[in-house]
Each structure stands twice: as C-alpha cells, then as structure tokens.
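Peer 1: When you line the sequence shown up against the working numbering, it's residues 1224 to 1314, in that order.
Where is the CB? At the ideal position from N, CA and C, for every residue including glycine.
One structure is given below, represented as structure tokens, and several questions about it will come after.
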Amino acid sequence: MGKASRIKRERSNIVSVTHEPEVPKNWPDGHVDVDLTGIEDDECLVVTIHGVRHYLHTTTAHELSKKLTSRIQEWDRGAKALGAPGVLDAD
C-alpha cells in the first residue's frame, strides 16, 4: 500500500475536537508530547495532544509556539487581574 493510501485511510479517522480529560492522566506526559519524526516522514516534528498525533514542519510548530505563548500571556494577565494565580511566574 502506498503512502497516499495510508494518508487517506488515516485522515478518515481524524478526531476534529478534543477536550481536557475530566481526570488528569499522567500529567503532563499523558496530555502532551513532542518528538522529532523519522527520516521517512515529510514533517519534522510530531506533537501528540490527548493521544492525537499532529505531524508538523518546524516552521508551523514555531508559529504555533509563538501564538500559544501570546495567548497564554494574555490569559495569565487576565487571570491575575481577577486575583487568580495564573500559570506564569513572571511576565
């Protein structure tokens, strides 16, 4: 079976929405992981979130990292303004 057939089969099983589990599962490793891919893959990184693998080029992963950092900082400022502890030690 060729690569195109494998990709088509895998895409038919894609989960389009995930949520945090009600009970943490091996925090943080059971929730998120990042690995380098093998030489046989077109992408450079595999990001696994709640068991769903996302294959990304490093450029896409870097942009995701920047956007996540920006939104986490925004959320953290709002949480601290309301008296909550936030998630970041310092801005």
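Roughly how many whole angstroms lie between the Cα atoms of W1250 and L1279?
Peer 2: Residue mapping note: residue 1250 aligns to position 27 of the sequence shown, counting from 1. Residue mapping note: residue 1279 aligns to position 56 of the sequence shown, counting from 1. The straight-line gap from Cα to Cα measures roughly 23 Å.
Peer 1: Looking at the unbroken alpha helix (DSSP H) that takes in L1291, where does it start and where does it end?
Peer 2: By one-based count along the sequence shown, residue 1291 stands at place 68. Per DSSP, L1291 belongs to the alpha helix (DSSP H) from T1281 to A1304.
Peer 1: Any chance the segment 1291-1305 sits against the segment 1267-1276, with 3 or more Cβ pairs inside 8 Å?
Peer 2: no
Peer 1: Give me, in chain order, the residues of the same chain whose beta-carbon lies closer than 6 Å to that of E1266; leave out the 5 immediate sequence neighbours on both sides.
Peer 2: Locating residue 1266 in the sequence shown gives position 43, counting from the first residue. Taken in chain order, the residues that qualify are T1260, Y1278, L1279 and H1280.
Peer 1: Between L1311 and I1295, which are expected to be in contact by the criterion C-beta below 8 Å, what is the C-beta distance as a whole number of angstroms?
Peer 2: Locating residue 1311 in the sequence shown gives position 88, counting from the first residue. Locating residue 1295 in the sequence shown gives position 72, counting from the first residue. Yes, they are in contact, since the Cβ atoms of L1311 and I1295 sit about 7 Å apart, within 8 Å.
Peer 1: What did DSSP end up calling D1265 once you bin it into helix, strand or coil?
Peer 2: What you label residue 1265 is simply residue 42 of the sequence shown in a count that begins at 1. If DSSP states are grouped into helix, strand and coil, D1265 belongs with coil.
Peer 1: For V1269 versus D1258, is the C-beta distance shorter than 8 Å?
Peer 2: As a first step, residue 1269 must be located in the sequence shown, where it is residue number 46. As a first step, residue 1258 must be located in the sequence shown, where it is residue number 35. V1269 is a Cβ neighbour of D1258, given a cutoff of 8 Å.
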